[in-house]
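Numbering (the numbering used here), first residue to last: 2 to 62.
C-beta atoms are modelled at their ideal positions from N, C-alpha and C, and glycine is treated no differently.
See below for the structure under consideration.
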């Protein structure tokens, strides 16, 4: 099962996405979402994705 089964996107602010995920899957989901975002389009420059995790918006930054 993938992201859709274990994570729910709860917010998008500008170029940021926030997901609600069980802590047991946080590392795996972070890696999968980051990979999907980087591969979303073929461009002449790379899409760089930074990620953070936390119990709330403040901790994730």
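What residues match up with residue i in a beta bridge as DSSP calls it?
i: residue 19; result: 12
If we call anything under 8 Å between Cβ atoms a contact, is residue i one with residue j?
i: residue 33; j: residue 3; result: yes
i: residue 56; j: residue 48; result: no
i: residue 10; j: residue 20; result: yes
From residue i to residue j, what does the alpha carbon distance come to, in whole angstroms?
i: residue 39; j: residue 50; result: 6 Å
i: residue 58; j: residue 8; result: 16 Å
i: residue 22; j: residue 52; result: 14 Å
i: residue 24; j: residue 60; result: 14 Å
i: residue 62; j: residue 12; result: 15 Å
From this set, the options, which residue's C-alpha is nearest residue i's C-alpha?
i: residue 16; options: 22, 26, 24 and 35; result: 35
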